[in-house]
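Single-structure report; data block below.
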Amino acid sequence: MSTPENLHQIDALLAIMAALRNPQGGCPWDLEQDFRTIAPYTLEEAYEVADAIERGDRQDLKEELGDLLLQVVFHAQMAREEESFTFADVVEGICEKMIRRHPHVFGDEEARSAGAVKGRWDEIKAAEKAAKNKRRAALLDDVPANLPGLSQAVKLQHKAAKVGFDWPQTENVLDKIQEEAGELLEAARGGLSHAEQEEEFGDLLFVMANLARHLNIDPEAALRRTNQKFRRRFGYVESKLGEKLADAGLEEMDKLWNEAKAIDKAAQKNATSKP
Numbered sequence: 421m422s423t424p425e426n427l428h429q430i431d432a433l434l435a436i437m438a439a440l441r442n443p444q445g446g447c448p449w450d451l452e453q454d455f456r457t458i459a460p461y462t463l464e465e466a467y468e469v470a471d472a473i474e475r476g477d478r479q480d481l482k483e484e485l486g487d488l489l490l491q492v493v494f495h496a497q498m499a500r501e502e503e504s505f506t507f508a509d510v511v512e513g514i515c516e517k518m519i520r521r522h523p524h525v526f527g528d529e530e531a532r533s534a535g536a537v538k539g540r541w542d543e544i545k546a547a548e549k550a551a552k553n554k555r556r557a558a559l560l561d562d563v564p565a566n567l568p569g570l571s572q573a574v575k576l577q578h579k580a581a582k583v584g585f586d587w588p589q590t591e592n593v594l595d596k597i598q599e600e601a602g603e604l605l606e607a608a609r610g611g612l613s614h615a616e617q618e619e620e621f622g623d624l625l626f627v628m629a630n631l632a633r634h635l636n637i638d639p640e641a642a643l644r645r646t647n648q649k650f651r652r653r654f655g656y657v658e659s660k661l662g663e664k665l666a667d668a669g670l671e672e673m674d675k676l677w678n679e680a681k682a683i684d685k686a687a688q689k690n691a692t693s694k695p
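Residue numbers 421 to 695, in our numbering, belong to the letters of the sequence shown in order.
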């Protein structure tokens, strides 16, 4: 099977994907896949894009965006095979949606003025849903259940807050965090079942996500940065101890951890002091 000549065109990528899915000479693995089996890879590629952004690696970002684009093409190819829609339909749909949702950019003068009003985006989205004649059974039904837990919690809370179900002050959330932490500690010390302790832990995470929303912090991004920081600092500890890592005591490792922490803070200070 021949390879498309111009590898820089979207048509070439579509042709490659079609060839991989061709029952005559295609890739056995690609042919076995369906929407459900590919979905986890789509999520994984989206996270790798976010990771490249966090690391500030533009070369890696370019590559990861390509991998994510491939996922879109993969889904579109499977849809074309079952005659549901095509990649062109996907592109046409998002173009129409972006123009429709940005009347302040693409509309007339009246629309441009109206577009500056706070909440315009949500009004347009609500109108789109009404036009589809797909009434939701409940306010929270359009929050995807397969989102990462913290992101899903923030979206659920954001939806509820729109109808007034929210703490008025951030201090109220902090008080609730103390309450939930106390309940978790009581559950652990009181010998409650694992399931009950898990429930209390989930309650605490949910309120922590609410605090992130009140502070306008993306909890997933914040946790990813902390994970990266842990990798970096523990990597320092490991590099210093080498083969002695497994035999080192907590006191020695903690000393090296504090050294790594000081190095981090010094680097941050130097970065912020540069013009």
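We treat Cβ as the ideally placed atom computed from N, Cα and C, and that holds for glycine. All values reported here derive from a predicted model rather than from experimental measurement.
- Item | Ala642, buried or exposed, once every other Cβ within 10 Å from all chains shown has been counted against 16 | So Ala642 ends up on the exposed side.
- Taking just the CA atoms, how far does Gly446 sit from Asp561? Straight-line spacing of the CA atoms in Asp561 and Gly446 works out to 39 Å.
- Query: Using the beta-carbon count (16 or more within 10 Å), is Leu620 buried or exposed?
  - Reply: Residue identity differs from the one stated: residue 620 is Glu in this sequence, not Leu. It is buried - the Cβ of Glu620 has at least 16 other Cβ atoms within 10 Å.
- Query: Do three or more CB pairs link the segment 673-686 to the segment 651-660 at distances below 8 Å?
  - Reply: At 8 Å Cβ cutoff, the stretches touch.
- Around the C-beta of Arg475, are 16 or more other C-beta atoms found within 10 angstroms, so that it is buried, or is it exposed? Exposed is the call here.
- Beta-carbon contacts of Val493 that lie in its chain and below 7 Å, excluding the five residues immediately before and after: Once the five neighbours on either side are set aside, the close Cβ partners of Val493 are Leu433, Leu434, Met437 and Phe507.
- What are the uninterrupted segments assigned as alpha helix (DSSP H) that are 4 or more residues long and contained completely in the segment 590-623, given in chain order? At a cut-off of 4 residues, the continuous stretches assigned as alpha helix (DSSP H) that sit fully inside the segment 590-623 are 590-609.
- Message: Can you tell me whether Glu600 is buried or exposed? The criterion is at least 16 other CB atoms within 10 Å of its CB, across all chains shown.
- Response: Looking at its Cβ environment, which holds 16 or more other Cβ atoms inside 10 Å, Glu600 is buried.
- Where Gln453 falls: helix, strand or coil (DSSP): Of the three classes helix, strand and coil, the one that applies to Gln453 here is coil, per DSSP.
- Query: Would the segment 568-579 and the segment 633-640 be scored as touching if the rule is three or more Cβ pairs under 8 Å?
  - Reply: Verdict: yes, contact present.
- Item | Below-8 Å beta-carbon distance, Ala615 vs any chain D residue | Chain labels in this structure do not include chain D; a single protein chain is all it has.
- Message: Using only the alpha-carbon positions, how far apart do Ala558 and Lys579 sit?
- Response: Taking the straight line from one Cα to the other gives about 11 Å.
- Item | Helix, strand or coil at His495 according to DSSP, with G and I counted as helix | DSSP, reduced to helix, strand and coil, places His495 within a helical segment of the structure shown.
- Under 6 Å Cβ to Cβ from Ala607, same chain only, skipping five residues before and after it: list those, please. So the list reads Glu616, Gln617 and Glu620, once near-sequence residues are dropped.
- Task: Following the continuous alpha helix (DSSP H) through Gln577, name the residue where it begins and the one where it ends.
- Result: Unbroken alpha helix (DSSP H) run through Gln577: Gly569 to Ala581.
- Message: Do Asp454 and Met498 count as a contact pair if the criterion is CB distance below 8 Å?
- Response: With contacts defined as CB atoms closer than 8 Å, Met498 and Asp454 qualify as a contacting pair.
- Gln577 classed as buried or exposed, judged by whether at least 16 other C-beta atoms fall within 10 angstroms: In summary, Gln577 is buried, with 16 or more beta-carbon neighbours lying within 10 Å of its beta-carbon over all protein chains present.
- Message: If you measure between the beta carbons of Leu481 and Ala472, is that distance less than 8 Å?
- Response: Yes. Within cutoff.
- Item | Residue from Leu567, Gln491, Gly655 and Gln479 with nearest C-alpha to Tyr461 | For the residues Leu567, Gln491, Gly655 and Gln479, the minimum Cα distance to Tyr461 belongs to Gln491.
- Using the rule of at least 16 other Cβ atoms within 10 Å of the residue's Cβ for burial, across every protein chain shown, is Ala516 buried or exposed? The residue asked about is misnamed: residue 516 is Glu in this sequence, not Ala. Exposed.
- Item | Burial state of Leu451, where buried means 16 or more other Cβ atoms lie within 10 Å | Exposed: under 16 other Cβ atoms inside 10 Å.
- DSSP-derived helix/strand/coil call for Ser659: The answer is helix: DSSP assigns Ser659 an H, G or I state.
- Item | Per-residue burial, Arg652 [other beta carbons within 10 Å of its own, 16 or more giving buried] | Arg652 should be labelled exposed.
- Query: Mind checking whether Leu625 and Ile597 have CB atoms under 8 Å apart?
  - Reply: The Cβ atoms of Leu625 and Ile597 do not sit closer than 8 Å to each other.
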